[in-house]
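Scroll down for the structure; my scribbles are underneath it.
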Amino acid sequence: MDAYFYIILVVGLVSTVLCAGAGILKKAPNDTTILSVAAVELALLVYLVGSIIRVASGEHIAGEPWEFWGYLFTALLLPVGAVYWAIAERTRWSNFVLAAVGVTALVMAARMNQIWY
Amino acid sequence: MAASERGTGTADNGGATDPSGAIGGREAGAGRLGGFGRSAGAGRSNRTARDTRNTGPGRLLIAVYAIFALSATARAGYQILTKFSEAPLAYLLSAFAAVVYIVATISLAKPGPTWFKVSVTAVVVELVGVLVVGALSLFDAVNFPHETVWSLFGRGYGFIPLLLPILGLIWLYRRRPSAPVAASAD
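If you read the sequences in order, they're chains C and F.
Heads up, this note's numbering is the position in the first sequence plus 218, with the first residue counted as 1.
Heads up, this note's numbering is the position in the second sequence plus 899, with the first residue counted as 1.
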């Protein structure tokens, strides 16, 4: 597991706890929960840029490269889709939708690390 | 038929195509919440106004189904493209699971009694699938050594594949077309 994974681990868990907590408190999605999901997207973008630089500088992906990129691009779409789905109907349940982003990104980052090394 | 189902949906251009369009698209969405009855089709009562499952907790359910549809499709596609000959049965089961998740996601998001029946079918097939494949992978591990979403009751996915159809059936029961309007969640 590399630094990219741990960044996403921390940001993803914080986002999930914030969003699930807001959902339990019966709040609709607000700036805090949506920005925490945006932070997950940012962390994934850092992973993307870092990975492009590493491949460009000659580093080799141990597993299937297209599987790695498939995971990364799918993960990048998740926060966008979840925010779209959540603000279309702003109830407490939408915060649980946002909460799913952090853990899913975390699981996918773990898989991406396995493929890379 | 199609128009009446449309009118009961969320506010996306639904009312615009409704021939009985006394109420515009926006209000059609509000009608779902407020429950003011528009007897749309012949023989339909005003309960069609709330005949949708993509609201409240249903939206979380659809989101989780969408994640599983995506991951199951990607996984089955990868297995079939790269190593199909290793275990054709297991990878065809993966693909079947992916199709079930896709159908469940779409049908749960769509309003109307027809989509309700599609949802019930998809979720029941999913429950049977996870139980049968889970049991087979447990008791006949020699013939089912290859991973699918439903292997070992979905252990590789935190047992969510086992939990999801149960929650789905509870949600579908609570939002069944014949349910009394008073029982509506939020």
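We put the beta carbon where it would ideally sit given N, CA and C, even for glycine.
Note that the coordinates shown come from a computational prediction; the quantities given were computed from them, not determined experimentally.
- Residues of the segment 966 to 987 of chain F whose Cβ lies closer than 9 Å to any Cβ of chain C, in chain order: ILE966, LEU969, SER970, ALA973, TYR977, THR981.
- With a 10 Å radius around the Cβ and a threshold of 16 neighbouring Cβ atoms, C:VAL255 comes out buried.
- Beyond the five residues adjoining it in sequence on each side, C:GLY230 comes within less than 6 Å, by CB distance, of VAL258, GLY320, ALA323, LEU324 in the same chain, given in chain order.
- In the DSSP annotation of this structure, the continuous segment of the alpha helix (DSSP H) that includes C:ASP249 starts and ends at 249 to 274.
- Judged by DSSP in its simplified three-state form, C:ILE279 adopts coil rather than helix or strand.
- Between F:LEU959 and chain C, the shortest Cβ-Cβ separation is below 8 Å.
- Contact check for F:VAL1048 against F:SER993 passes: the beta carbons are separated by less than 8 Å.
- With 16 or more other CB atoms across the displayed protein chains lying within 10 angstroms of its CB, C:SER233 is buried.
- In the structure shown, F:GLY1011 adopts coil according to DSSP, grouped into three states.
- For F:THR951, no chain C residue has a C-beta closer than 9 Å to its own C-beta; the minimum C-beta separation is roughly 11 Å.
- In this chain, the alpha helix (DSSP H) harbouring C:ASN313 covers 310 to 334.
- The beta-carbon of C:PHE286 is placed no less than 8 Å from the nearest beta-carbon of chain F.
- Taken through DSSP and simplified to helix, strand or coil, C:THR292 comes out as helix.
- For the pair of segments examined, the segment 1029 to 1038 of chain F was found not to touch the segment 1002 to 1016 of chain F: the number of CB pairs separated by less than 8 Å stays below three.
- A direct Cα-Cα distance of roughly 10 Å separates F:GLY955 from F:ILE961.
- In terms of Cβ geometry, C:ARG329 and C:ALA246 do not form a close pair [threshold 8 Å].
- Contacts between F:THR954 and chain C, judged by CB atoms closer than 9 Å, involve GLU307, THR309, TRP311 in chain order.
- Contact annotation: in the segment 234 to 256 of chain C, no residue has its CB less than 8 Å from a CB in chain F.
- Going by beta carbons, C:PHE314 and F:LEU959 fall inside the 8 Å limit.
- In this structure, DSSP gives C:VAL232 a helical state, which the three-state scheme calls helix.
- Cα atoms of F:PHE983 and F:VAL999: separation of roughly 20 Å, rounded to the nearest angstrom.
- Assignment of F:SER1077 by DSSP, reduced to helix, strand and coil, places it in the coil class.
- Looking at F:LEU991, F:VAL1041, F:ARG1073, F:GLU1025, the one whose alpha-carbon comes closest to that of F:LEU1061 is F:GLU1025.
- In the DSSP assignment, F:PHE967 falls within the unbroken alpha helix (DSSP H) covering 956 to 982.
- Between C:LEU316 and C:ALA306, the gap from beta carbon to beta carbon reaches 8 Å or more.
- Contact residues of the segment 991 to 1016 of chain F toward chain C are absent (C-beta to C-beta distance below 8 Å).
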